Amino acid sequence: YLLLVRDEMTVSHKHLGEFCSSLKQYLKSVAGERDCFHVTAVKLPDGVTFIVYEFWETEEDWKR
1 YLLLVRDEMT VSHKHLGEFC SSLKQYLKSV AGERDCFHVT AVKLPDGVTF
51 IVYEFWETEE DWKR
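Residue numbers (full-length UniProt numbering): 1 to 64.
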């Protein structure tokens with residue numbers, strides 16, 4: 001069993017720098033979780049839309 005979590009976010013240009021800093025911290029934190037197999041973020045060509053993919057062992061692990 002593997003749970004894929006996909007979250008798409010669009011950020012205003014005004015808050016892009018702050019968002020990117022927060023996203024980097026979030027990715028680092030989630031990557032350190034024992035039951036998270038992989039986490040990654042993709043910036044779409046428009047430059048303000050991001051998709052975060054997280055792969056978890058179970059839904060319960062993701063909810064913790």
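Where is the CB? At the ideal position from N, CA and C, for every residue including glycine.
Since this is a predicted model, take the numbers as computed values, not measurements.
query	result
Nearest-angstrom Cα separation, counted from residue 15 out to residue 21	10 Å
Closest residue to residue 31 among 52, 8, 46, 47 (Cα-Cα distance)	52
Close beta carbons around residue 8, own chain, < 6 Å, minus the five adjacent residues each side	51
Same chain only: Cβ atoms within 7 Å of residue 47, ignoring 5 sequence neighbours per side	none
Residues bridged to residue 70 (per DSSP)	Nothing can be reported for residue 70: it is not among the residues displayed for the chain, which extend from 1 to 64.
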